[in-house]
Structure formats: structure tokens, C-alpha cells
Amino acid sequence: SQQGEEDPQALSIQEGENATMNCSYKTSINNLQWYRQNSGRGLVHLILIRSNEREKHSGRLRVTLDTSKKSSSLLITASRAADTASYFCATLGQDNNNDMRFGAGTRLTVKP
Amino acid sequence: KAGVTQTPRYLIKTRGQQVTLSCSPISGHRSVSWYQQTPGQGLQFLFEYFSETQRNKGNFPGRFSGRQFSNSRSEMNVSTLELGDSALYLCASSKKAGTYEAFFGQGTRLTVV
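Top to bottom, those sequences are chains A and B. If you're matching positions, the first sequence starts at 1223 in my numbering and goes up one per residue. If you're matching positions, the second sequence starts at 134 in my numbering and goes up one per residue.
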């Protein structure tokens, strides 16, 4: 069963705007990761944030983690058409024998 | 450095048949995990292998099985195929067990008719 739930399910923005996606999860975690998937292809790892971290940056990506609310957000700044993809959060739990569980994903469309 | 290679990329099988999918992880990676992705269920964890041992298994029937060889290459097998097994099967490799910062292959698109 899935662990994380992304919100919104779909997001459509103009190039240059910022995109924010949220992820909520249910159980205690060791870390949370964000992945991108272009249509029908494999997933690409974007960023990992550990349970003792609150914020992390990588290029145009900013991830926050609030373990008290069991939620994370992914912010993509100055979006580009090439950012069009599905974005998934994945959690590595403390109590599920260390297998990574994915949410349903947010489908981001960036219009040129 | 070569990425994760999955073969074949596309496969069409008939109900009742069996299928074997292959995954070659990144050199030096000892963990290989398999996922099934469908529009309705999303990404579902199948199993993880580390150093030729199955570390963890998801909630799939016994028709789904796998193995890992000494060179870390992995295969998964699905027997007695059902229409509902049609999916994109993704393999992920990572250095450590537990799929930290996993690298995914392009997937095998299986269609069962």
C-alpha cells in the first residue's frame, strides 16, 4: 500500500512561475525523498531529506519537512517547460523493514 | 558509468503464460528493488534483493517471484499471468539496502492480453 499522498493530484502553471507540491505520510520515517518521472519512463531521484532536517535546497528545488505534521513540500522555482513531469514523494519508514513507499504523485504541467 | 538497464523494454504476453524480466544495476550497487506501476494503484513495492538475499517483500501473490545473482543482476518472474498484471515494471538499484537514493531503470512495459 502507498505511504505518501501528494497534493494536488495535478498542477498546471506558466513557465517562470513557482510550483509547490505537498506530500503527507502516515508513519514515522527515516527519510523522505522526491522523484520525478517523465511520461512512462523511469524515476529520477531529485532530493533526500532526513527526518532530523527541516529544509534542503538543490538548485531550483527546495524541500521542507515537518515531522510533527507528517508532511513535506517540494518547491520548484522559476519553472521551465522541461519540468513537466510527475513528481512523487517516497518515504523510508522506521517500521516497515526499510522498503521505500511511494505516493500517487502530482502531475505538473508547465506551459511555455 | 552505465545506468540501470532493464530488458526487455516492451513485452506482450497471453493470459496464463509466464514472463521473466531482467535488471542490471549500476556497477557497485548491491541492492535491487522492483516496483509495479499502474494507473490505478500507482507505484507498488514488489521486493528488494541485497547480496543475493530477498530482504523485503510487498503484498503481492506468490505468482510474483525474483532472484538476484552474484553479479547483482536481478530477475523477476510472474507466472500464470492475469490481465491485471499489465503494468510498467520498474527496477531500482542503490548502494545500500533499503533503496536510499535509488536509481531507476526505464522500465519494462508488460501487456497481458
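Note that the Cβ used here is the ideal one computed from N, Cα and C, for glycine as well. All values derive from a computational prediction rather than experimental measurement.
Cα-Cα separation, residue i to residue j
i	j	result
B:R242	B:L221	4 Å
B:S212	B:L154	12 Å
A:H1279	A:Y1309	16 Å
A:Q1270	B:T147	For the record, residue 1270 of chain A in the displayed sequence is Leu; it is not Gln. So the alpha carbons of these two residues sit roughly 40 Å apart.
B:G136	A:Y1257	16 Å
A:Y1247	A:P1230	14 Å
A:L1296	A:Q1236	17 Å
A:K1291	A:S1301	27 Å
B:N192	B:S198	12 Å
A:L1254	A:E1277	12 Å
A:S1234	B:V165	34 Å
B:G196	B:Q139	As written in the sequence, residue 196 of chain B is Arg, which differs from the Gly given in the question. When rounded, the distance between both Cα atoms is 20 Å.
A:G1325	A:C1311	6 Å
B:P141	B:N210	13 Å
B:C224	B:Y233	14 Å
A:T1313	B:G149	35 Å
B:I159	A:S1293	31 Å
Within chain B, the residues that residue i reaches when beta carbons sit closer than 8 Å
i	result
A:A1326	G175
Proximal residues of chain A, C-beta to C-beta of residue i below 9 Å
i	result
B:G161	What B:G161 touches in chain A: nothing, since even the nearest Cβ is about 16 Å away.
Residues that residue i contacts on chain B, provided the C-beta gap is smaller than 9 Å
i	result
A:D1321	S166, F178, F180, E181, R188, N189, K190, G191, G231, T232
Interface residues of chain A facing residue i [CB-CB closer than 8 Å]
i	result
B:F197	Chain A residues near B:F197: none, gap ~14 Å exceeds 8 Å.
B:G238	G1264
B:L223	G1264, L1265
Delimiting residues of the beta strand (DSSP E) encompassing residue i
i	result
B:E181	175-183
A:F1310	1307-1315
A:K1278	1277-1280
B:Q239	That residue, B:Q239, is in no beta strand (DSSP E); it is neither H nor E in DSSP.
B:A220	220-227
A:D1267	Inspection of the sequence shows that residue 1267 of chain A is occupied by His rather than by Asp. 1265-1272 is the span of the beta strand (DSSP E), which, as asked, contains A:H1267.
B:Q169	164-171
A:T1299	Careful: A:T1299 lies outside any beta strand (DSSP E) and carries neither H nor E.
B:E208	207-211
B:V152	152-157
B:R148	Per DSSP, B:R148 belongs to no beta strand (DSSP E) and is neither H nor E.
(request) Return the residues of the region 1255-1282 of chain A that lie within a Cβ-Cβ distance of less than 9 Å from chain B, sorted by chain order. (result) Q1255, Y1257, Q1259, G1262, R1263, G1264, L1265, V1266, H1267, L1270
(request) May I have a chain-ordered list of the beta strand (DSSP E) segments no shorter than 3 residues that lie completely inside the region 1223-1254 of chain A? (result) 1227-1229, 1232-1236, 1241-1246
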